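J.: Have a look at the structure that comes next, please.
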Amino acid sequence: METKIFQSDQINQAAALLRQGELVAFPTETVYGLGANALLPESVKQVFAVKGRPSDNPLIVHVTDFSMTKEYVESYHPLTEKIVQHFWPGPLTLIFSIKTGSLSPVVTGGLSTAAFRMPDNKKTLSLIEETGAPLVGPSANTSGKPSPTTALHVYHDLKGKIAGILDDGATQIGVESTVLDLSGEVPTILRPGAVTKEKLEEVLGIEVPLDKHLVTESETPKAPGMKYKHYSPDTPVLMIKPADWKQAIAWAEMNNKKVGLLTTPKIADQYRSADRFVFADDTIEAATRGLFSGLRALDEAQKADIIFAEVFPDDHLGLAYMNRLKKAAAQNYFAEK
Ligand code: TXA
Ligand code: MG
C-alpha cells in the first residue's frame, strides 16, 4: 500500500479514506495519532494490527467538541464542565463511564469506561469534522518505539501499512496527553502530561492525586497502556542527574564507551560525545518537545554505545518528561560504583 502524505488543502481526501475504513495518521499538539473511524470496528482492529499493540489496551476517542461525547457517555463527574472549559481543546484526555453498547469493545478494550480528547490542532479538528465521526488515535508509532512528533517519524514506522499521513510539521508539546480519570469520585491522573497536576489543582481547587502506579512502581496501573514497556530505543539509556555529569563522562571515557548526549545546551557545551541531540534551550518545555525526537535520532544514528539523558525535577511538566524518560531508560540512573 502506498502511504500518501497529505497537506492541509487535502484534508477532504484524507477524510474520504477514513470514511472508507482506511487508516490515516493525524497531527495533534502532543504527538501524531494513528487515526481510524471510531465507529468502524474493523478499521479499529487494523490499528492494533498495524502498531503491534495488545488488544486489551483501549484507545482514545478524538472529538471536535464536548457535545460530541454526549452520545456515548452515561454520566459525567460534577467537575467535568469546569475541566472542559479550561482545558479543551488541549492535551487532556478524560475517562468517563459510557452507555453500554455505545462504543465497540474493540475501542474500549471491553471496559465500561472510555477515553475522550479534543486535540488542539485545527487540521485534525477539520479532519474529524469532514469524516463525520470521532477518530480513535493511539500514538502513530510501532509499539515499543518513541511516539512520533513529526510526519517523518510516522512514515518511518508505518510506511506501506497505512493509507496516509496528514502533515502539520513538528508537534508543540512532544509527549502524550495527560489522562485524567473522571469515572470515579476523585479525579485521578493516570498518565502525566502537559496539563499538569499543579495546573489541575489550581483550577479545581482540590487535590488531584496521581494513580498509585505513578507513585509506587509495583502497583498495577489503572490505564492499561501504562503497564507495557514503552518508548524504548535499542541503544541503552542512562539518566544523568545534574551533579553526576562529570563523573558519568569520566566513567564512559575510562570504559571506552561512545556516548550519545540527549541534553540541554548548557550541559552539551561542556562535553564531547560521539553524537548528540541538544534541546532547543535549557527549559523543561524544550526538553519535553525534543525527548522522543532525540531518542529516535540518537538510536537511528547508531554512533553511540550508550545514551546519557538529562534528568529534570519530577514536578510540573518535569513529571511527564521523567515518566517517559524513566521508561526509555528502564529506570536506570548513572551511579558511581
Ligand atoms: O496525546 C495523546 O494522548 C495521543 C494523541 C495522538 O492524542 N494519543 C495517545 O494514545 O497517546 P495512546 O493510545 O497511546 O494512549 C492512551 C492511554 C493508554 O495509556 C490507555 O491505556 C489509556 O489512555 N486509556 C484509554 N482508555 C482508557 C480507559 N477506559 N480507562 C483507563 N485508561 C484508558
Ligand atoms: Mg502510545
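Be aware that the sequence shown starts at 1, since it is given in UniProt numbering, and climbs by one per residue. Using N, Cα and C, we set each Cβ at its ideal position, and we do this for glycine too. As the structure is a prediction and not an experimental result, all values here were calculated from the model.
(1) In the DSSP assignment, the beta strand (DSSP E) including residue 339 goes from what residue to what residue?
(2) Looking at the ligand TXA, does it come within less than 7 angstroms of residue 346, judged from the CB to the closest heavy atom?
(3) Could you tell me whether the Cβ of K241 comes closer than 8 angstroms to any Cβ of chain C?
(4) Whole angstroms are fine: how far does the CA of F277 sit from the CA of Y321?
(5) Going by the CB atoms, is the gap between V136 and A38 shorter than 8 angstroms?
(6) Using the C-alpha atoms, what's the distance from G174 back to A297?
(7) For T80, which of helix, strand or coil comes out of DSSP?
(8) Pairs of beta-carbons, one from the region 17–33 and one from the region 139–154, closer than 8 angstroms: are there three or more?
(9) Can you list, in chain order, the residues of its chain with a C-beta nearer than 7 angstroms to that of E74? Leave out the 5 residues immediately preceding and following it.
(10) Nearest CA to the CA of Y333: which residue from A309, S55, M239?
(11) In chain order, what are the residue ranges of uninterrupted alpha helix (DSSP H) at least 4 long that sit wholly in the region 177–240?
(12) Any heavy atom of the ligand NAD inside 7 angstroms of the beta-carbon of T30?
(13) Between S43 and the ligand MG, is the CB less than 7 angstroms from at least one heavy atom?
(14) Hey, which unbroken runs of the alpha helix (DSSP H) at 4 residues or more fall wholly within the region 85–144?
(15) Please report how far the alpha carbon of L262 lies from the alpha carbon of Y72, in whole angstroms.
(16) Between the Cα of G90 and those of N12, T196, D269, A223, spot the shortest distance and give me the residue it belongs to.
(17) With C-beta atoms as the reference, is R53 less than 8 angstroms away from S183?
(18) Using the three-state DSSP reduction, which class does V47 fall into: helix, strand or coil?
(19) Quick one: Cα of E202 to Cα of Q85, how far?
(20) Please determine, among S273, D314, K327, A301, the residue with the shortest C-alpha to C-alpha distance to F308.
(21) If we call anything under 8 angstroms between Cβ atoms a contact, is D167 one with F6?
(22) Provide the residue span of the alpha helix (DSSP H) that contains L152, from first to last.
(23) Taking the straight line between their C-alpha atoms, what separation do you get for residue 339 and L204?
(24) Count the other CB atoms within 10 Å of the CB of I189; is the residue buried (16 or more) or exposed (fewer)?
(25) Let me make sure I understand the geometry here. Which of D282, L79, S104 has the alpha-carbon closest to that of S112?
(26) Can you give me the C-alpha to C-alpha distance between K222 and A280, rounded to a whole angstrom?
(27) Could you pull the start and end residues of the alpha helix (DSSP H) that K4 belongs to?
(28) Closest to P192 by C-alpha separation, out of G260, L317, K70, K145, would be which residue?
(29) Please report the residue range of the beta strand (DSSP E) in which E74 lies.
(30) Less than 7 angstroms separating the Cβ of E253 from some heavy atom of the ligand TXA?
(31) Need the endpoints of the alpha helix (DSSP H) that A250 sits in, please.
(32) Can you tell me which of the three DSSP states I267 falls into?
(33) Ordered along the chain, which non-local residues of its own chain (more than five positions away) have a Cβ less than 7 angstroms from that of D299?
T.: Let me lay it out:
(1) Lying outside 1 to 337, the shown extent of the chain, residue 339 is not represented and no answer is given.
(2) No answer is possible for residue 346: the residues shown for the chain start at 1 and end at 337.
(3) Included in the structure is just one protein chain, with no chain C present.
(4) Looking at the two C-alpha atoms, the distance is approximately 16 angstroms.
(5) It is a contact, given that the beta carbons lie within the stated cut-off.
(6) CA-to-CA, the gap between A297 and G174 works out to about 14 angstroms.
(7) Residue state for T80 is assigned as helix, using DSSP reduced to three classes.
(8) Enough Cβ pairs lie closer than 8 angstroms, so yes.
(9) The answer, listed in chain order, is S97, I98, K99.
(10) For the residues A309, S55, M239, the minimum Cα distance to Y333 belongs to M239.
(11) Counting only runs of 4 or more, we get 197–204, 212–215.
(12) With respect to small molecules bound, the structure shown includes the ligand TXA and the ligand MG and not the ligand NAD.
(13) Taking non-hydrogen atoms of the ligand MG into account, the C-beta of S43 is found less than 7 angstroms away from none of them.
(14) Listed in chain order, they are 105–108, 122–131.
(15) If you take the alpha carbons of L262 and Y72, they lie about 42 angstroms apart.
(16) The shortest C-alpha separation from G90 is found at T196.
(17) S183 is positioned such that its CB atom lies no closer than 8 angstroms to that of R53.
(18) V47 falls in the helix class under three-state DSSP.
(19) E202 and Q85 have their alpha carbons spaced roughly 14 angstroms apart.
(20) Nearest of S273, D314, K327, A301 to F308, Cα basis: S273.
(21) Yes.
(22) Element bounds for L152: 151–158.
(23) Given a span of 1 to 337 for the chain in the structure shown, any question on residue 339 remains unanswerable.
(24) It is buried - the Cβ of I189 has at least 16 other Cβ atoms within 10 Å.
(25) Among D282, L79, S104, the Cα nearest to that of S112 is on S104.
(26) K222 and A280 have their C-alpha atoms roughly 34 angstroms apart.
(27) From DSSP, K4 is part of no alpha helix (DSSP H) but of the beta strand (DSSP E) over 4–6.
(28) The option with the nearest alpha carbon to P192 is L317.
(29) 73–75 is the span of the beta strand (DSSP E), which, as asked, contains E74.
(30) Checking the Cβ of E253 against the ligand TXA gives no.
(31) For A250, the uninterrupted alpha helix (DSSP H) segment begins and ends at 245–254.
(32) If DSSP states are grouped into helix, strand and coil, I267 belongs with the helices.
(33) If you ignore the 5 residues before and after D299, its C-beta comes within less than 7 angstroms of the C-beta of P233, D234, T235, all in its own chain and listed in chain order.
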